[in-house]
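Quick note, the sequences are listed as chains V and S, same order.
Quick note on this note's numbering: the first sequence kicks off at 1 and runs consecutively.
Quick note on this note's numbering: the second sequence kicks off at 1 and runs consecutively.
As structure tokens, the structure follows; a few thoughts come after it.
There are 2 protein chains.
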Amino acid sequence: MNKVYNFSAGPSILPQEVFREAAEGVLNLNQSGLSILEISHRSKDFMSILEEAKSLVKELLQVPEQYEILFLTGGASAQFYMSAINFLPEGGTATYIDTGVWSAKAIKEASKFGKIVPASSSKDRNYSYLPKEHHIPNDASYLHYTSNNTIYGTQFSTAIRSEVPVICDMSSDIFSRPIDVAKYAMIYAGAQKNLGPAGTTLVIIDPKICGKSGRNLPSMLDYQVHIENGSMFNTPPTFPIYVSMLNLRWLKKQGGVRAIQQKNIEKANLLYQEIDSNPLFKNEIAREERSMMNVVFDAISPEIEHAFLKFAEENYCSGIKGHRSRGGFRASIYNAMDIEGVQHLVDTMALFSINFNKTNH
Amino acid sequence: MNKVYNFSAGPSILPQEVFREAAEGVLNLNQSGLSILEISHRSKDFMSILEEAKSLVKELLQVPEQYEILFLTGGASAQFYMSAINFLPEGGTATYIDTGVWSAKAIKEASKFGKIVPASSSKDRNYSYLPKEHHIPNDASYLHYTSNNTIYGTQFSTAIRSEVPVICDMSSDIFSRPIDVAKYAMIYAGAQKNLGPAGTTLVIIDPKICGKSGRNLPSMLDYQVHIENGSMFNTPPTFPIYVSMLNLRWLKKQGGVRAIQQKNIEKANLLYQEIDSNPLFKNEIAREERSMMNVVFDAISPEIEHAFLKFAEENYCSGIKGHRSRGGFRASIYNAMDIEGVQHLVDTMALFSINFNKTNH
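Spelled out as structure tokens, the structure:
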């Protein structure tokens, strides 16, 4: 069978060795005679998996001591409202940077709990750029933004400066580069890109920000409850956490986030270079705003778009169709996509272009 | 290696063939060259898994046409408050049957959103029996109860009659016997017993009950939003749903819930017979109230308890320690535990008793 190159935006590619280890754990975890799928979440085996996952997050991102690591459920979609009800008092104000569909969803959900003031937005040009100036009111309980815009292919290259606490949705670029966690009150990320399979959500939180909204929250929606229970208030999603832990072990073996960032830059440069030089394709995002994770591009005509989509699929490039709200193409080149895979896509684009020229001359 | 018999209360045993198929899907799903862990939730492969899971639920439980099947996250703990905010208007009343720790938690979370009136309770004797009479106010928005009490080993043998809509937590006995879904407005169940691994929650819901609370809910907490989106409003926990589907296929091959109920009765009878006849053990729950899923029992002294716990573990009986809020023993004998496993536990109890008599005479 030919190798399939998986460019899906999420759930997305993970390393082959993680798949092999995960499959082994499904059959017989640590030679225990039991499956990871059947053991109690309070068993020694699972508790040690959870502890290792937490400590790998702390080590890989150099998380300051006072921060807590939680593995929750519901993806970023659950964090959109959960962050608001935890940090926004009745009648309070928060400010949001709007750079895409996911930011807009976060704003919509938070608006149910208080006044949301836009800090900046790039909606006027269909989210094809990143705003440079942000107006952050002093009375805002927090600033929320999305570090990487999976759908539109833009990414903030540095942390946004703010006097108010910063909450950041890093679902699609966490673990792809070093970050300074101390600059954020809370970071959250659905696992299904650079962390693990769908089914768990990483939250890195400074407990100091908790307990100020004055709301009577359901226990499951209260970060403090999860912190007090070491992320074991309810039965956690054991297998998604297990695979996340295996993947973090893999990342550590690769040299951690600094080493993977170098590879990610190399991969992204290779692909953007082809897009910029191949006359059939284009990407009009400013270079310094381009995402290193989700490379969005367009064909120069709908006919070419249609033809290349078919050609790419025939050539084992899976998942490169753009998101339905934007169209075009999107190649997600997360940590687990190696340079060989990106080279294969580049070669496929080049071959398509040669064939096209032959047919049309 | 000796076979380990897994009597854990949840996450818990699943059939060996489900583990084998799940491991295969982690390596190469349907010969696609991709892992179930890396494919998009909107891919054809996953959509067909989700549809098959839903239709197996409908078929196995003979779910009436108008009901919807959802696979959410957060376990029963999330349903405790989510059911309340969806069905309890501001200032409204609901009534709850309190038969254990999980019922009590459901009451605690719902109390944050309205007036909770007890329909009945067995808390006076540490939940060691089931109340027979239930006082259900006519103005209650709904009645909530727990069909099987995992911790205390009691189980309602028939559905509770009620004039108001019934919401039932069936986390630990769903798919263990036939049920008449039409008697419930909503049924929910954390997957990690008879359905699948931890990480997804089954909701069977009559849409007619939705949209009446008048609350402005976050999208993720609104059953109607999940119904309108076919349980795909956000990225669902793809792997836990996949394994649930495989397990439901297995259940269908076993002859469905009527056939499995016969096996479950046989297994439970075998174990209760040993408990009742072995002088070192006891179970004081009335026979008709005993759980067919979680067989709770005690040793006649703390010394014997301690000694048997050790002996059972040495004899490959895993997970029989009782829940920390009750103590003693608990052998969970879900669908995937075969009669050979129960016979092994019975033999272990009998052998322990013989050894004990030898030592003490």
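A virtual CB, placed ideally from N, CA and C, is assigned to each residue, including glycine.
This structure is a prediction, so every number in the text was calculated from the model and none was measured.
Can you tell me whether DSSP reads S:L143 as helix, strand or coil? Looking up residue 143 of chain S in the second sequence gives position 143. Three-state DSSP puts S:L143 in a strand.
Nearest-angstrom Cβ-Cβ length linking S:L34 and V:V4, presumed shorter than 8 angstroms: Taking the second sequence and counting its residues from 1, one reaches residue 34 of chain S at position 34. Taking the first sequence and counting its residues from 1, one reaches residue 4 of chain V at position 4. The pair is a contact, with the Cβ atoms about 6 angstroms apart (cut-off 8 angstroms).
Closer than 7 angstroms, Cβ to Cβ, to anything on chain V: give me those residues from the segment 130-157 of chain S, in chain order. none
Applying a beta-carbon distance threshold of less than 7 angstroms, which residues of chain B neighbour V:P218? Absent from the structure: chain B. Protein chains present are V and S.
Close Cβ partners of V:F175 (< 7 angstroms) along its chain, the five nearest in sequence each way excluded: Within the first sequence, residue 175 of chain V is the residue found at index 175, counting from 1. Same-chain partners within the cutoff: L60, N194, L195, L251, V257 and N335.
Comparing alpha-carbon positions, which option in S:P137, S:T150, S:G230 and S:K58 lies nearest S:T99? As a first step, residue 99 of chain S is located in the second sequence; it is residue number 99 there, counting from the start. Of S:P137, S:T150, S:G230 and S:K58, the residue nearest in Cα terms is S:T150.
Identify whether V:F329 lies in helix, strand or coil by the three-state DSSP scheme. Mapped onto the first sequence, residue 329 of chain V falls at position 329. V:F329: strand per DSSP, three-state reduction.
If you compare alpha carbons, which of V:L271, V:F311 and V:Y188 is closest to V:G75? Within the first sequence, residue 75 of chain V is the residue found at index 75, counting from 1. Of the residues V:L271, V:F311 and V:Y188, the one whose Cα lies closest to the Cα of V:G75 is V:Y188.
Could you check the C-alpha separation between S:F19 and V:L27 for me, to the nearest Å? To locate residue 19 of chain S, count along the second sequence from 1; it is residue 19. To locate residue 27 of chain V, count along the first sequence from 1; it is residue 27. The alpha-carbon atoms of S:F19 and V:L27 are separated by roughly 6 angstroms.
DSSP three-state label for V:N28, please. Position 28 of the first sequence holds residue 28 of chain V. V:N28: coil per DSSP, three-state reduction.
Got a sec: is the Cβ-Cβ distance from S:N86 to anything in chain V below 9 angstroms? For the purposes of this step, residue 86 of chain S is taken as residue 86 along the second sequence, with counting starting at 1. False, the Cβ-Cβ gap to chain V never drops below 9 angstroms.
Beta strand (DSSP E) segment containing V:K115, residue limits: As a working mapping, residue 115 of chain V is identified with position 115 in the first sequence. Looking at the DSSP string, the run of the beta strand (DSSP E) that includes V:K115 is K115 to S121.
Would you check if the distance between the CB atom of S:V166 and the CB atom of S:H135 is smaller than 9 angstroms? What you label residue 166 of chain S is simply residue 166 of the second sequence in a count that begins at 1. What you label residue 135 of chain S is simply residue 135 of the second sequence in a count that begins at 1. Not closer than 9 angstroms, so no.
Assign V:R287 to buried or exposed, taking buried as 16 or more other Cβ atoms, counted over all protein chains shown, within 10 Å of its Cβ. For the purposes of this step, residue 287 of chain V is taken as the residue at position 287 of the first sequence. Under this definition V:R287 is an exposed residue.
What residues from chain V crowd round S:T99, counting only those whose CB sits closer than 8 angstroms? Indexing the second sequence from 1 puts residue 99 of chain S at position 99. Neighbours of S:T99 on chain V: none; closest Cβ ~19 angstroms, over 8 angstroms.
So which residues on chain S does V:N6 lean against when the C-beta distance must stay under 7 angstroms? The sequence position of residue 6 of chain V within the first sequence is 6, counting from 1. Simply L34 and E38.
Kindly identify the DSSP beta-bridge partner or partners of S:G190. Locating residue 190 of chain S in the second sequence gives position 190, counting from the first residue. According to DSSP, which records beta bridges pairwise, S:G190 is partnered with S:T201.
Taking the alpha-carbon of S:S141 as reference, which of S:V342, S:A110, S:S122 and S:R125 has the nearest alpha-carbon? As a working note, residue 141 of chain S is residue 141 in the second sequence. Considering only alpha carbons, the answer is S:A110.
For S:P218 versus V:F80, is the C-beta spacing smaller than 9 angstroms? Reading the second sequence from its first residue, position 218 is the one you call residue 218 of chain S. Reading the first sequence from its first residue, position 80 is the one you call residue 80 of chain V. In this structure, V:F80 lies closer than 9 angstroms to S:P218 by Cβ.
Would you check if the distance between the CB atom of V:M362 and the CB atom of V:I205 is smaller than 9 angstroms? Residue 362 of chain V lies beyond the residue range present for chain V, which begins at 1 and ends at 361; the question has no answer from this structure.
Three-state secondary structure (DSSP) of S:Q155: Residue mapping note: residue 155 of chain S aligns to position 155 of the second sequence, counting from 1. In this structure, S:Q155 counts as strand in the three-state DSSP scheme.
Since V:M220 contacts S:A78 with CB under 8 angstroms, what's their CB separation in whole angstroms? In the first sequence, residue 220 of chain V corresponds to position 220, counting from 1. In the second sequence, residue 78 of chain S corresponds to position 78, counting from 1. About 5 angstroms; that satisfies the 8 angstroms criterion.
For V:E38, which three-state DSSP category applies? Start at 1 with the first residue of the first sequence, and residue 38 of chain V comes out as number 38. Looking at V:E38 - three-state DSSP - the assignment turns out to be coil, as it is neither helix nor strand.
Does the pairing of the segment 288-307 of chain V with the segment 152-159 of chain V give three or more beta-carbon distances under 8 angstroms? yes
Hey, quick one: how far does the beta strand (DSSP E) through V:A9 stretch, first residue to last? Along the first sequence, one-based indexing puts residue 9 of chain V at 9. Neither: V:A9 is in no beta strand (DSSP E) and is coded neither H nor E.
Once DSSP output is grouped into helix, strand and coil, what is the label at S:I339? Within the second sequence, residue 339 of chain S is the residue found at index 339, counting from 1. Three-state result, S:I339: helix.
Under 7 angstroms, CB to CB, which of the residues in the segment 328-351 of chain V have a partner in chain S? Answer set for the segment 328-351 of chain V: empty.
Does V:Q192 get closer than 9 angstroms to chain S when you measure Cβ to Cβ? Working through the first sequence from its first residue, we reach residue 192 of chain V at position 192. With 9 angstroms as the cut-off, V:Q192 counts as an interface residue toward chain S.
Name the chain S residues whose beta carbon is nearer than 7 angstroms to that of V:H226? Against the first sequence, residue 226 of chain V aligns to sequence position 226. Within chain S, no residue comes near V:H226; the closest Cβ sits about 11 angstroms away, beyond 7 angstroms.
Looking at S:L280: is its Cβ nearer than 9 angstroms to the Cβ of V:P197? Here residue 280 of chain S refers to the residue found at position 280 of the second sequence. Here residue 197 of chain V refers to the residue found at position 197 of the first sequence. Cβ atoms of S:L280 and V:P197: not closer than 9 angstroms.
Are the Cβ atoms of V:S231 and V:L56 separated by less than 9 angstroms? Working through the first sequence from its first residue, we reach residue 231 of chain V at position 231. Working through the first sequence from its first residue, we reach residue 56 of chain V at position 56. No. Outside cutoff.
Does any C-beta atom of chain V lie closer than 9 angstroms to the C-beta of S:G196? Reading the second sequence from its first residue, position 196 is the one you call residue 196 of chain S. Yes, S:G196 counts as interfacial toward chain V.
DSSP state of S:L56, grouped into three classes? Here residue 56 of chain S corresponds to residue number 56 of the second sequence, with the count starting at 1. When DSSP states are grouped into helix, strand and coil, S:L56 belongs to the helix group.
Would you list the one or two residues that DSSP bridges to V:R290? As a position in the first sequence, residue 290 of chain V is number 290, starting the count at 1. Within the DSSP secondary-structure output, V:R290 pairs in a beta bridge with V:T154.
Alpha carbons only, please: which of V:S12, V:N6 and V:N2 is nearest the one belonging to V:G199? As a first step, residue 199 of chain V must be located in the first sequence, where it is residue number 199. Among V:S12, V:N6 and V:N2, the Cα nearest to that of V:G199 is on V:S12.
Below 9 angstroms between beta carbons: does that hold for S:E65 and S:P207? For the purposes of this step, residue 65 of chain S is identified with residue 65 of the second sequence, where counting begins at 1. For the purposes of this step, residue 207 of chain S is identified with residue 207 of the second sequence, where counting begins at 1. No.
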